[in-house]
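Below you'll find the structure, written out as structure tokens, and then a few comments.
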Amino acid sequence: MSILERTRTDPEPVDVQVTADTLTVDLSDGRTISVPIAWFPRLVHGTAKERANFELGHFGIHWPDLDEDIPVEGLLRGEKSGESLRSIKRWLEYRAKGKKVPVKTLPLPPYMREFLKKEQQRERAARRKTKE
7 MSILERTRTD PEPVDVQVTA DTLTVDLSDG RTISVPIAWF PRLVHGTAKE
57 RANFELGHFG IHWPDLDEDI PVEGLLRGEK SGESLRSIKR WLEYRAKGKK
107 VPVKTLPLPP YMREFLKKEQ QRERAARRKT KE
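Numbering of the sequence shown is given in our numbering, commencing with residue 7 and proceeding in unit increments.
Here it is in structure tokens:
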């Protein structure tokens, strides 16, 4: 007896429409998913211009002005935004000030700093070599 093994691939988004109450995503396999915009607070608080500025990727949709990413897989499973209320409040406070939320950076571990230092030295040496 043989077993048929199927590889699972999620369809890609091909178009997006955001209205005052609905997020609608057309998929490459012909399906259309519509969910309440209330599931995604950043979209709710975004302007029409910010909502219209999206980028389609292989796995989902990105709104750069709202710093929002929604994966197709999550939409297919009916998942709402997992962002905490605290995070949304902080984001709204920054928006009210006309700022973007800063991205926290962590210090590099010592081994990584050393690796990057060596890479920079190699790059400099390669540039000098090409100039000669």
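Quick reminder that beta carbons are idealized off the backbone N, C-alpha and C, glycines included.
The C-beta of E74 has 16 or more other C-beta atoms within 10 Å across all chains shown, which makes the residue buried. DSSP, read as helix, strand or coil, puts E89 in coil.
Pairing V24 with D32 gives a Cβ-Cβ distance that is not under 9 Å. CA-CA distance, R96 to P42, rounds to 23 Å.
Counting the other Cβ atoms within 10 Å of the Cβ of I9 gives fewer than 16, which makes it exposed.
In the DSSP assignment, the residues bridged to I39 are V31. DSSP places L62 within a strand segment (E or B) once states are collapsed to three.
Annotation: the continuous alpha helix (DSSP H) that includes P116 extends over P116 to K137.
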